[in-house]
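Position 57 of the sequence shown, counting from 1, maps to 407 under the working numbering, and the rest follow consecutively. Every residue gets a Cβ at the ideal spot worked out from N, C-alpha and C, and that includes glycine.
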Amino acid sequence: MSTAELRATVAKLLRRSQAHAGLAAALEGFPAELAGRKVEGHAHTAWQHVEHLRLAAEDLVAYCRDPRYQAREWPVGYWPASPEPPSAAAWSASSRGALAAAENMAQLMEDPGHDPYASVPTAEKADHHTLRTALILLDHNGYHVGQLIALRKALGIWPAA
351 MSTAELRATV AKLLRRSQAH AGLAAALEGF PAELAGRKVE GHAHTAWQHV EHLRLAAEDL
411 VAYCRDPRYQ AREWPVGYWP ASPEPPSAAA WSASSRGALA AAENMAQLME DPGHDPYASV
471 PTAEKADHHT LRTALILLDH NGYHVGQLIA LRKALGIWPA A
């Protein structure tokens with residue numbers, strides 16, 4: 351596989367899932383009024399999952415781009431303080447932000463001026479490159495999307511109408 355094919359494949363996967371429901375499908379039609387609802391057997395609310403996805407994805411993109419990148423404090427910098435969104439607008443913004451961050455990583459993978467194999471600006475190890483980071487984002491999103499869909503099923507709102 352050429353580097354161009356690899357770039358295109360990873361970017362495509364960041365934009366939409368192929369073998370299972372992806373982030374866009376998991377978010378589609380999710381009512382804001384249920385985003386903060388706690389469900390027995392689930393450790394997190396939908397708000398917590400989605401805001402965590404957004405924060406983590408934005409952080410991974412910054413890790414690849416910003417020569418002054420500094421990791422957030424774990425875990426408080428990667429999870430919302432409240433199980434409920436502050437407003438319906440915050441829920442909507444977080445959902446859009448999580449999708450936008452994945453798109454930003456897809457664009458970075460497609461950028462012919464960006465070497466996906468080169469170490470990121472603040473890498474502590476030689477194998478910390480954009481390709482690795484994009485794969486981490488795919489893996490992380492897949493894990494939490496599965497949890498979000500299980501939560502939707504428990505709430506009785508899956509599949510989306």
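Boundaries of the alpha helix (DSSP H) around residue 413: 396 to 415. Its Cα nearest to that of residue 499, the residue 375 stands out among 442, 375 and 467.
Per DSSP, reduced to three states, the secondary structure at residue 490 is helical. When the beta-carbon positions are compared, residue 445 and residue 380 come within less than 9 angstroms of each other. Under the DSSP definition of a beta bridge, residue 479 partners with 469. Contact annotation: residue 394 and residue 505 have beta-carbon atoms that are not nearer than 9 angstroms.
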